[in-house]
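Below you'll find the structure, written out as structure tokens, and then a few comments.
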Amino acid sequence: MALLVNIGHDGWYKDDELAQELRAQMPEADIRTLDAPGDLADITMLAVSALAADLPAKLPNLALVQKLGAGVETIVAHPAIAPEVQVARLKPLEPAREIAQYCLAYVLHAQRNIAAHAESQARAAWEPLAPKQNHKTRVGVLGLGHIGNQTALLMRDLGFDVHGWSRSAKEIPGVTCHHGRATLIPMLGHCDYVCAILPSTAQTRALINAESLAAMKPGATLINAGRGDLVDEAALIAALDRGTPGRAVLDVLCREPLPASDPLWQHPKITITPHVSGWHLGDALGDVTENFRRLGAEEPLLHLVDRQRGY
């Protein structure tokens, strides 16, 4: 029984770094990387962020794929994972808080007129502007799961008028919650900021499309820290050109890394960050080691994914 660590992409943890952290928590465990994988028949658990197309077929005794980071859509749809292989996700608090803080940073950037003050400074112009008041500002949060809940609570605690939307009914104290497709368009029309923090499923892909973008308030800001395919990017460019919404902040894109030729880079109303809103795994490493222990003990696993539903 062995755990294979394979992040699967650059720009985040390195395999050896994560393996070292896991070994520190579980020194007795057999933890390997692809640099020295040993007998691949020993591998029963695979910890990945992006899963290579050919890797599952090389692991004849694979029983669990542990997704690192957010989003499991590429794992559950992976054609080479046998039906009996289980998939688990992480629900760590630290990156959830980081994503909430990311959304808040861009909300406050607009609330406090940061960009306008920078422009004034460049012209050596003393131009006082009144900041917007939080209690008069409505923030919409799309997706009220683990991360969306943290985002809604953070905005609520800073005095914003927070409205949340989810597919099924939720209750969050101090947050006005909406659910079901029919409530989305009416909610969008009253939000000054919309934070999209939904998973990628058949029901959410291109949820932010020409219709929903047209329903947003003129001048509103869309912040996408969920999954890239929540947004129809061509429709977003057209909507921004019309002024509804007024701005977009995109931490996740349909294609990552985003090609240099993509028009999103140059659009004056779009801010792009390279998928950095939630970075640190924090306490989630404990869930990885616990799932390895439970797998060996044949106990129920943490945060299992319904492969049919996609989350």
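Count the sequence shown with my numbering and you get residues 10 to 320, in order.
From the three backbone atoms N, C-alpha and C, an ideal C-beta is built for every residue, glycine too.
Could you check what DSSP says for L167 in three-state terms: helix, strand or coil?
As a position in the sequence shown, residue 167 is number 158, starting the count at 1. DSSP places L167 in the coil class of the three-state scheme, outside both helix and strand.
Using three-state DSSP, classify Q34 as helix, strand or coil.
Taking the sequence shown and counting its residues from 1, one reaches residue 34 at position 25. In the structure shown, Q34 sits in a helix (DSSP, three-state: H, G or I).
Out of V14, W21, D19, H18, which has the shortest C-alpha to C-alpha gap to Q29?
Along the sequence shown, one-based indexing puts residue 29 at 20. When each option's Cα is compared against that of Q29, the closest is V14.
Could you name the residues that DSSP lists as bridge partners for M54?
Mapped onto the sequence shown, residue 54 falls at position 45. Answer is L12, L73, bridged to M54.
Excluding the five sequence neighbours on either side, which residues of its own chain have a C-beta within less than 8 Å of the C-beta of P309, listed in chain order?
As a position in the sequence shown, residue 309 is number 300, starting the count at 1. Cβ neighbours of P309 beyond the five flanking positions: R303.
Whole angstroms is fine: what's the gap from G189's alpha carbon to T213's?
In the sequence shown, the residue the question calls residue 189 occupies position 180. In the sequence shown, the residue the question calls residue 213 occupies position 204. Each residue's Cα considered, the two are about 12 Å apart.
Express the C-alpha separation of D44 and A119 in angstroms, rounding to a whole number.
Taking the first residue of the sequence shown as position 1, residue 119 is located at position 110. Taking the first residue of the sequence shown as position 1, residue 44 is located at position 35. For the pair A119 and D44, the Cα-to-Cα distance works out to about 46 Å.
Can you give the Cα-Cα distance for D63 and G319, rounded to whole angstroms?
Translated into positions along the sequence shown, residue 63 becomes position 54. Translated into positions along the sequence shown, residue 319 becomes position 310. Their backbone Cα atoms lie some 21 Å apart in a straight line.
When the Cα of A219 is compared with those of V261, L267, E242, which residue comes out closest?
Residue 219 sits at position 210 when you count from the first residue of the sequence shown. Taking only the C-alpha atoms, the option nearest A219 is E242.
Which residue comes first and which comes last in the alpha helix (DSSP H) that contains V116?
Stepping through the sequence shown from its first residue, residue 116 is reached at position 107. Looking at the DSSP string, the run of the alpha helix (DSSP H) that includes V116 is 102 to 120.
Roughly how many angstroms separate the alpha carbons of G183 and W174, rounded to a whole number?
For the purposes of this step, residue 183 is identified with residue 174 of the sequence shown, where counting begins at 1. For the purposes of this step, residue 174 is identified with residue 165 of the sequence shown, where counting begins at 1. Distance between the alpha carbons of G183 and W174 is about 14 Å.
In the DSSP assignment, the alpha helix (DSSP H) including I194 goes from what residue to what residue?
Here residue 194 is taken as the residue at index 185 of the sequence shown, counted from 1. Its alpha helix (DSSP H) spans residues 190 to 197.
Please report the straight-line C-alpha distance between I84 and L313, rounded to a whole angstrom.
For this step, residue 84 is matched to residue 75 along the sequence shown. For this step, residue 313 is matched to residue 304 along the sequence shown. Looking at the two C-alpha atoms, the distance is approximately 12 Å.
Closest by CA to T298, which one among A56, I52, P227, D24?
Translated into positions along the sequence shown, residue 298 becomes position 289. Here the closest residue by C-alpha is A56.
Using the DSSP secondary-structure output, state which residues sit across from G173 in a beta bridge.
Walking along the sequence shown from the start, residue 173 turns up at place 164. G173 pairs with V150, C186.
Secondary structure at L259, three-state DSSP: helix, strand or coil?
Along the sequence shown, one-based indexing puts residue 259 at 250. Strand at L259.
Note down, in chain order, each residue of its chain lying with its Cβ closer than 8 Å to the Cβ of C200, except the 5 sequence neighbours on either side.
For the purposes of this step, residue 200 is taken as residue 191 along the sequence shown, with counting starting at 1. Once the five neighbours on either side are set aside, the close Cβ partners of C200 are R147, V148, G149, H172, M225, K226, A229.
Roughly how many angstroms separate the alpha carbons of G152 and A178, rounded to a whole number?
Within the sequence shown, residue 152 is the residue found at index 143, counting from 1. Within the sequence shown, residue 178 is the residue found at index 169, counting from 1. Cα to Cα, the separation comes out at about 11 Å.
Comparing C-alpha positions only, which one of E307, R316, R121, L31 sits nearest to A139?
For the purposes of this step, residue 139 is identified with residue 130 of the sequence shown, where counting begins at 1. If we check each option's Cα against that of A139, R121 comes out closest.
Here's the rule: buried if 16 or more other CB atoms are within 10 angstroms of the residue's CB, otherwise exposed. What is G237?
What you label residue 237 is simply residue 228 of the sequence shown in a count that begins at 1. Around the beta-carbon of G237, 16 or more other beta-carbon atoms lie within 10 Å, marking it buried.
Judging by CA-CA distance, which residue of Q34, E26, L71 is the nearest neighbour of D48?
Position 39 of the sequence shown holds residue 48. Selected option, being the one with the closest Cα: L71.
Whole angstroms is fine: what's the gap from A91's alpha carbon to E26's?
Start at 1 with the first residue of the sequence shown, and residue 91 comes out as number 82. Start at 1 with the first residue of the sequence shown, and residue 26 comes out as number 17. About 29 Å.
In the DSSP assignment, find the alpha helix (DSSP H) that holds V297 and state where it starts and stops.
Residue 297 sits at position 288 when you count from the first residue of the sequence shown. Taken as a continuous stretch (DSSP letters only), the alpha helix (DSSP H) holding V297 covers 293 to 306.
Can the beta-carbon of L77 be found closer than 8 Å to that of Q95?
Looking up residue 77 in the sequence shown gives position 68. Looking up residue 95 in the sequence shown gives position 86. No, the Cβ-Cβ distance between L77 and Q95 is not below 8 Å.
Which partner residues does V96 have in the DSSP bridge list?
What you label residue 96 is simply residue 87 of the sequence shown in a count that begins at 1. Among the bridge pairs identified by DSSP, V96 is matched with V74.
Between A1 and L162, what straight-line distance do the alpha-carbon atoms span, to the nearest angstrom?
The structure shown does not extend to residue 1, since the chain is modelled only from 10 to 320, so the question has no answer here.
Is the distance from the Cβ of I156 to the Cβ of A79 below 8 Å?
Along the sequence shown, one-based indexing puts residue 156 at 147. Along the sequence shown, one-based indexing puts residue 79 at 70. Going by C-beta atoms, I156 is nearer than 8 Å to A79.
According to DSSP, is A205 part of a helix, a strand, or is it coil?
The residue you call residue 205 lines up with position 196 of the sequence shown. DSSP places A205 within a strand segment (E or B) once states are collapsed to three.
According to DSSP, which residues form a beta bridge with V240?
Numbered from its first residue, the sequence shown carries residue 240 at position 231. V240 is bridged to I217.
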